[in-house]
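These notes are about the structure you will find just below.
Residue numbers (full-length UniProt numbering): 1 to 1220.
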């Protein structure tokens, strides 16, 4: 009888240690009878990379510190273990006593892993006798009643000697370094020099009592200190925020065996001596030696540059080859950190972590560079352009003022010092203009917006790995989404099954199924169904479920749960609840597995081969029901009679096809279990794998299967997904489902989600692959579902969509999805079910695997882009106003003084850079951010609407400030010139304060206060600016060149003129009043009796709309409008529908004539009508007098009148703006 396997090895199908399916491989590994170091003849002819074994435990000169560890409780040091893999040296494995020597020397167990009880170790382990004793496995730790200690109490000695699996934190810049970086600006340094010179010239004058010129120099220095300090503080906070984000995105969970039980741990908690599990898709977090496995192949291209997959062999096999002087070529038992598991499953012993691992050493040698996003690149170009304009303005101002200075040089009183002071004032004003014009706040605004968004996105279950994804996601036009776990709950349960042709159970029978039962076998409950099964069928079913599975048991809070693929855990739960499943490890313990075929997305199945007690071999296959049915030629006849099979006749095949269709139409995932028996393994005449002649190729054997049964697995649609899909559609984002399920199941789920709609196209992957490019281009606009897809289909779809100009987001969870995730503009990996390879290829990780989280990512992406535009709109307005105002006032001044002094301009610079960035870049997503289409890729940073606001506001601010500066003494004759200048400065600052409110909206919506209470930063910044301004005017005095304003009227003028900036912006928006929610009619369809016209508005929400058969009314807090459509010629009426954020008007075809006009039912109110190019057609007309009139040119009659555009004048209760 086969030796029992340990009940704890993760790879459920792995043979016991030291065993193989082949007797010739069951020889005991030899030892050197106590010799610690295995000395052999030179093996350079066997393995050119191997150095002499005797040197393997000797320290390298450069790594003596790693090789000498004080009070080492283990046989090896980190430096010695490094010599196994750096470089790979199979020969060196002999010096460590092979895998068994490592097991003994690291005080672990390759079967049960580290003990959960380990804290401080007693005694030491030497290298003497290591090899001889290594083959006596240590006593397994008891797994009964394990006392769970806090992590910091565990593995004290192990942590001390080998370290933890975490790289040292990147040294963050200190506040003083950031201060120096903030100050290290040429313009600021130039200004500082001028201020110091001004101070040096002014102090002697002050001592002699001839002036206070030193005050301005001192004030400039203080202002520079404040600007630098605030900038450095922002950088300090930003840097630490991103450090936290990076630490979180680098952390992930892996499977290890401890105390004989499976556990999921953070990669940071892995210890040397741990037994880790390998699965396809894993990114290996530590170095080690393979213990055992099936077909393990790793991609080490990112670590070693080796492009081909490397097949791994168990450590014992490599050690035997070393001892017996065999050829070592091709023997690679080394698992290298940073590499990816592409195929196979297994376990390995961890030998190096953290800075001692291959990945750790590589990362320590690299210098991380900050990521530059596409938006930052665009902004850098814009900032450079603005800086050049500002530099030019400053230079021109300096030249003009210098010429004036030379002209009146003889008239300046006070001698050389006074003339020098006058020149310095000119220089300082010119330099300050440059300081104001250079948009230092742009990079800060981008960084703050990204930092704020990425931090808050974590709360919305979006972990951003690449910052550029934040920007790109906001403008996504299509999402290619998986089904399982993303659109559905991923909480699977077996609710129906058919074994053979006569035994069935169904917890949720359909009407079709119930009707069929009158003609076929009786449909039972699950418990009744199981009671009818024979013992042989029950055992075979249990084996098919338990052996052909990678899921395992684990305890969480004292409750035993299954961990793994949700399909497999559903089967295991069914087996536990209905078939009396014992602990999974016990069921797998005495089975001799000879080969595993992991799940392959191209063939939609997985398989396992085991040796039966009778000596034969049985291959169990689990996978897509319709595919396995095609490969079956027999079927179990009666599940109550045992494993008797019968040929799969046409009638039986048709019956099983009907069952699959029925299950799929009810949105059930259809999985079949089949098997085939063989006399030997590999079977005679069967092709074997090139990499291993003892392993059979799957494809030639995948035929003539015996059908055991078909199971229906329910996976309900996630709550909120249909709403999320509707939100995407309202946002102009088309959602497509790409799934591996059959097309019937896919369409059923897609319909429930709102993805598959009438007129949409669903296609299977194999058919999609065969289409020509032209045919794909025709289908893609209406393509909504691809079923039975492979990862290549997903990648192909992404390529087609990008070629058509779409911005594509893709979800993926499997290793093979990596290419599609990389190809897409934004790749979303699943945080729960996703493999490490998929996560590594993604831009954003969805931590809850929920589609609704993708919608939140879209909202945040748009919010980031909006935040930058808000800041741009504000800053460019201040730039234009401040530069022009300073230039004009300085040039027209008799003494070359600007109305805004250098210190005042620095205060304005602080407001428009740092403070505005904080206020405008931290707005959370607006409720309406998803009620508009995505911006096209060619959209400019500054839109036409923004330029309209910028120029309108700049004109208003300049008109007010220049009027006060030049004619203020006529308007307010009682105020002296110093007071007037202070009022100008005060008014200018308050206009910026109120303009910040304006800039919270970059569209035509007028509610600038909307959501303001959700942005605490904005409120805080307003308090700081207003408080600072009051303080400056009240006590700033000569330092700020101001006079205290004691009269309430002076403050009232400043605040009111500043506040008028808000209604002034509304006037600009009203000038753009558009009464048409535009969209063209859909193309004429001869199969329908109507043409659909779509009116879409940013503010149209279902709660606002009232529809009758012929009337549409829109009610909101801001306006009320309604209209009726009626054709006075044909006397026909259209119908109204409200669908997914769109008002749909269905117009009878016979009504389409040039006399077809909307008739309004509202009273006489002003409105504006525009055509589709926004050309004004009428303005402030009397609504009741218009019933068609002269607006015929508003219709688009192109393309033989198959398209129509309908103008809808809308009457408002108050003049407001409506965005087209």
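Positions of the beta carbon are idealized from the N, C-alpha and C atoms, including for glycine.
Residue i (DSSP reduced to helix, strand or coil)
i, result
"residue 684", "coil"
"residue 605", "strand"
"residue 591", "coil"
"residue 865", "helix"
"residue 1090", "In this prediction, residue 1090 scores a pLDDT of 36, lower than 50, which makes its location untrustworthy; the coordinate-derived value is nonetheless stated afterwards. Reduced to three states, the DSSP call for residue 1090 is strand."
"residue 266", "strand"
"residue 347", "strand"
"residue 650", "helix"
"residue 928", "coil"
"residue 803", "helix"
"residue 555", "strand"
"residue 1231", "Not covered by the structure: residue 1231. The range shown for the chain is 1 to 1220."
Residues of its chain near residue i, where Cβ-Cβ distance is below 8 Å and the 5 sequence neighbours each way are ignored
i, result
"residue 681", "21, 594, 595, 609, 611, 617 and 696"
"residue 409", "419"
"residue 838", "281, 812, 813, 814, 815, 817, 818, 821, 829 and 830"
"residue 422", "405, 412, 895 and 896"
"residue 508", "495, 496, 666 and 714"
Beta strand (DSSP E) segment containing residue i, residue limits
i, result
"residue 632", "632-636"
"residue 277", "275-278"
"residue 985", "Looking at the DSSP string, residue 985 is not in any beta strand (DSSP E); the run it does join, the alpha helix (DSSP H), is 977-998."
"residue 560", "559-563"
"residue 294", "287-299"
"residue 467", "Counting along the chain, residue 467 falls outside any beta strand (DSSP E), and DSSP gives it neither H nor E."
Residue i, enclosing alpha helix (DSSP H) - first and last residue
i, result
"residue 619", "Counting along the chain, residue 619 falls outside any alpha helix (DSSP H), though it belongs to the beta strand (DSSP E) covering 617-624."
"residue 462", "Where residue 462 is concerned, there is no enclosing alpha helix (DSSP H), although the beta strand (DSSP E) it sits in stretches over 462-464."
"residue 570", "566-578"
"residue 317", "315-323"
7 Å Cβ shell around residue i - same chain, five flanking residues per side excluded
i, result
"residue 561", "554"
"residue 551", "562, 563, 564, 565, 568, 569 and 572"
"residue 840", "283"
"residue 836", "252, 281, 282 and 283"
"residue 719", "none"
Sheet register partners of residue i (DSSP bridge)
i, result
"residue 499", "503 and 709"
"residue 675", "620 and 706"
"residue 669", "713"
"residue 809", "479 and 826"
"residue 310", "298"
"residue 696", "688"
"residue 645", "636"
"residue 340", "283 and 299"
"residue 488", "717"
Straight-line Cα distance separating residue j from residue i
i, j, result
"residue 300", "residue 274", "22 Å"
"residue 664", "residue 1001", "48 Å"
"residue 346", "residue 694", "17 Å"
"residue 643", "residue 293", "31 Å"
"residue 899", "residue 922", "33 Å"
"residue 531", "residue 456", "53 Å"
"residue 952", "residue 880", "11 Å"
"residue 1149", "residue 716", "Summary for residue 1149: the model assigns pLDDT 42, below 50, so the residue's position carries little reliability; its value from the coordinates is reported in the next sentence. Residue 1149 and residue 716: Cα-Cα distance of roughly 42 Å."
"residue 927", "residue 107", "59 Å"
"residue 633", "residue 774", "40 Å"
"residue 474", "residue 790", "28 Å"
Sequence-distant residues of its chain with Cβ nearer than 6 Å to residue i (five each side left out)
i, result
"residue 848", "461"
"residue 236", "175 and 178"
"residue 677", "616 and 618"
"residue 537", "639"
"residue 727", "855 and 930"
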